[in-house]
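As structure tokens, the structure follows; a few thoughts come after it.
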Amino acid sequence: MRSALAAVCLGLAAVANAGAQEIPALSGWSMTAPTPGTHRLVVDLAAPHGGTGCGKIVGIASENNARACFTQEFHDKTALPTEKAYRFSVAYQTDTPFEGHGLVLVDSYTPAGEKGRKELLSQKLGSAPEWQAVSGEFTVPRDVVRVRVLLYLYGKGTIRFDDAFLGEPQAGALNLLKNPEFEPPDASVFDLAPERGTGQVKLVADFENATLGKVKEIGPDEFYAYAFAEGKPRSDFMWFHFRVEGCEGREVTFHINPGPFSRDNTGGNGTRSPVMSYDREHWIGIDDKSWNEDGSALTFKQRFTQSPAWIASFYPFTADHVSRFIEQNQASPFFKASVFGKSRQGREMRMYTITDATVPEVEKRIVLFTTLQHDLETTGAMAQEGIARFLLSSDPAADRLRRGFVFHIVPMMDPDGIAQGNTYCPAGNMNRQWGLGTAPETTCLEQFVKDLAARDRKVDLFMDFHGWCTPDHTTVFMTFGKEITDAATEAEAVRLVDTIKPRLTGKVSTTVWRKMAEYVTFGDTDVRRLAPGWMRFEAGTRLAYSIEIFGEGSCTQEAYLQWGQAFIEGIAEFYSPAK
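Mind the numbering: the sequence shown is residues 54 to 632 in this note's numbering, read in order.
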């Protein structure tokens, strides 16, 4: 297949214009530009060292440490065995003039994350008008859990990389790198295909949360599109979201290139599948879909009965959706929408308050729910909306909850990142910044909680909802143990989980943090800088949790809403007088 593909690429390249001999996507390697707009990363079909292509970085700026790199990581199932020696080599070549410099870098991380980072191999690369090879050896230290290979260009110039090797030092050792020859992905057949469309159907990304790059119609009602626009900030995860116009009565085929992501590297949301909506409220999965052989393009078809329609890589959760939810429920006597602050970029931080106002507040407990600290984790947002919908229903249990509690619900903690196409926290990972005063979004909610406490209305229960789409249907509860709280609090925290658990489908697990410094997602973390940790240890909340909602790829929008309903029904039982 690869040799046949190479022949097709070479044949197409021979008749294509020069610009088409650059493919802005690459399998096996991540294409990373920490300084957007300064560098361009492509597969160059015109001047490889060997094979069909090579990796090329072009830099047009040098200010502010401007740079870009090709990256491969080894961790989890691909982690390199420690206390062993390895050799790395790569061929490189530069154009003239070459004002910047290249860099070969291999670094490692322990469970301590950035604090445990160590450079294992570093070699600066100067001008090389002819191809030349560089190599070096290193040993992976004990306790290392992650190793990265990075091939950089700093500053202005053009550098090419090809024929890389990472493996044990002896001759004939296995090359551990994916696509070490920088061959073009299978999706390159679409890059090199000519335009031959009708222009009657259009793909548009002119709204908040939209993400779409270069689009080419390669046949009637058949499109090839990049998920991300070149040179612009992008999500740290696979994401696309666009509107389709002129599609009524047509079956349209989409080939989406998610570069720098792929089927096997989505940044964390691997089993998510395309979804479609005619009204941006009700979304259904697209079933006619498949990845190409090397996972560099996702192809799917949809027959449309209306126009326009919206397509996304997974169920979106946008500011417009929050506005529509408020509009739909503003007439309810139990519902109130408010703004408790502004984001870093000046967007409103909104909150729903649900309670029966005829019952004096002093007689009620206070509950706070949050979600979307991480903008693409919409599984948690949908589950939390299921909670809100149940609380506003006519169910007798909902009535009892409204009379006994005040529920404060924050539907979106990261409005800036969501508006910009799920760019993952322009304020940084806010779920490591609680209590530091460094993220306006957390700071304004902290002040809201402090104001409640000043009125002797301390939060009794806090839950922060996260989640992904994964192969297994799983719910994870994370809370605090007696070593850092007390035995009674841990017992109550576990009892609430045990009360909710029978209502949930799939796997359910509980993590009890027993130290103030715990390993949480890639590194050791002070749990007081997490939302539930700040709420428990600095705001005095009795029960505080981080919740992960992991739905499998076939999980429907309605199923996520019901997931939330199961949560709130369990909470109702936990707090019932009989308990």
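No residue lacks a Cβ here, since even glycine has one placed at the ideal position from N, Cα and C.
Buried or exposed: residue 392, going by 16 or more other Cβ atoms within 10 Å of its Cβ?
Exposed, by the Cβ-count rule.
Could you check the C-alpha separation between residue 369 and residue 553 for me, to the nearest Å?
Here the alpha carbons of residue 553 and residue 369 stand approximately 27 Å from one another.
Just the C-alpha distance for residue 242 and residue 623, rounded to the nearest angstrom, thanks.
53 Å
State the Cα-Cα distance for the pair residue 521 and residue 613, rounded to the nearest angstrom.
11 Å
Keeping to the same chain, check which residues put their C-beta closer than 8 Å to that of residue 493; ignore five residues upstream and five downstream.
394, 395, 396, 397, 480
In angstroms with no decimal places, state the Cα-to-Cα distance between residue 55 and residue 211.
Since pLDDT at residue 55 reaches only 42, below the 50 mark, its modelled position is unreliable, and no value is offered.
Using only alpha-carbon positions, find the residue among 106, 116, 87 that is nearest to residue 122.
87
Count the other CB atoms within 10 Å of the CB of residue 335; is the residue buried (16 or more) or exposed (fewer)?
exposed
Could I get the ranges of all uninterrupted beta strand (DSSP E) runs contained in the segment 269–339, with 3 residues as the minimum, in chain order?
Listed in chain order, they are 275–279, 294–298, 304–310, 328–330.
Indicate the three-state DSSP secondary structure (helix, strand or coil) for residue 522 in the structure shown.
Three-state DSSP puts residue 522 in a strand.
Skipping 5 residues on each side, what residues in its chain have a beta carbon closer than 6 Å to that of residue 591?
Answer for residue 591: 488, listed in chain order.
How would you write the range of the alpha helix (DSSP H) that residue 472 sits in, first residue to last?
DSSP places residue 472 inside the alpha helix (DSSP H), whose first and last residues are 468–472.
For residue 319, is the classification buried or exposed, using 16 other Cβ atoms within 10 angstroms of its Cβ as the cut-off for buried?
buried
Would the segment 99–117 and the segment 129–142 be scored as touching if the rule is three or more Cβ pairs under 8 Å?
no
Let me confirm a value: residue 109 is counted as buried when at least 16 other C-beta atoms fall within 10 Å, else exposed. Which label applies?
buried
Please list the terminal residues of the continuous beta strand (DSSP E) segment that includes residue 168.
Per DSSP, residue 168 belongs to the beta strand (DSSP E) from 166–178.
Determine which residues share a DSSP beta bridge with residue 160 and list them.
172, 201
Roughly how many angstroms lie between the CA atoms of residue 362 and residue 375, to the nearest whole one?
20 Å
Need the endpoints of the alpha helix (DSSP H) that residue 456 sits in, please.
Here the alpha helix (DSSP H) through residue 456 covers 449–457.
Which word fits residue 97, buried or exposed, when buried means at least 16 other C-beta atoms lie within 10 angstroms of its C-beta?
buried
Output the boundary residues of the beta strand (DSSP E) element that contains residue 586.
Where residue 586 is concerned, there is no enclosing beta strand (DSSP E), although the alpha helix (DSSP H) it sits in stretches over 584–590.
Indicate the three-state DSSP secondary structure (helix, strand or coil) for residue 611 in the structure shown.
helix
Measuring CA to CA, which of 469, 544, 577 is closest to residue 485?
577
Name the DSSP beta bridge partners of residue 404, please?
391
Sort out for me which residues DSSP pairs residue 423 with in a bridge.
463, 517
With a threshold of 16 other CB atoms inside 10 Å of the CB of residue 499, please say whether the residue is buried or exposed.
Classification for residue 499: buried.
Taking 8 Å as the threshold (C-beta atoms), are residue 383 and residue 390 in contact?
yes
If you drop the 5 nearest sequence neighbours on each side, which residues of the same chain put their C-beta closer than 7 Å to that of residue 165?
576, 577
Please name the residue, chosen from 158, 90, 516, 543, that lies closest to residue 219 on a Cα-to-Cα basis.
158
Short of 8 Å in beta carbon distance, which residues of its chain neighbour residue 497, apart from the five on each side in sequence? Order them along the chain.
Only 393, 394, 395, 402 meet the Cβ criterion.
Keeping to the same chain, check which residues put their C-beta closer than 7 Å to that of residue 516; ignore five residues upstream and five downstream.
Excluding sequence neighbours, residue 516 sits near 422, 598, 600.
Is it the case that the Cβ atoms of residue 582 and residue 534 are separated by a distance below 8 Å?
no
What span of residues does the alpha helix (DSSP H) with residue 192 cover, start to end?
Residue 192 -> not in any alpha helix (DSSP H); beta strand (DSSP E) instead, spanning 185–192.
Given this structure, state the Cα-to-Cα distance separating residue 267 from residue 275, to the nearest angstrom.
14 Å
Within 8 Å, do at least three Cβ pairs link the segment 233–240 to the segment 341–360?
Contact between the segment 341–360 and the segment 233–240 is present, because at least three Cβ pairs lie under 8 Å.
State buried or exposed for residue 413, treating a residue as buried only when at least 16 other CB atoms are found within 10 Å of its CB.
exposed
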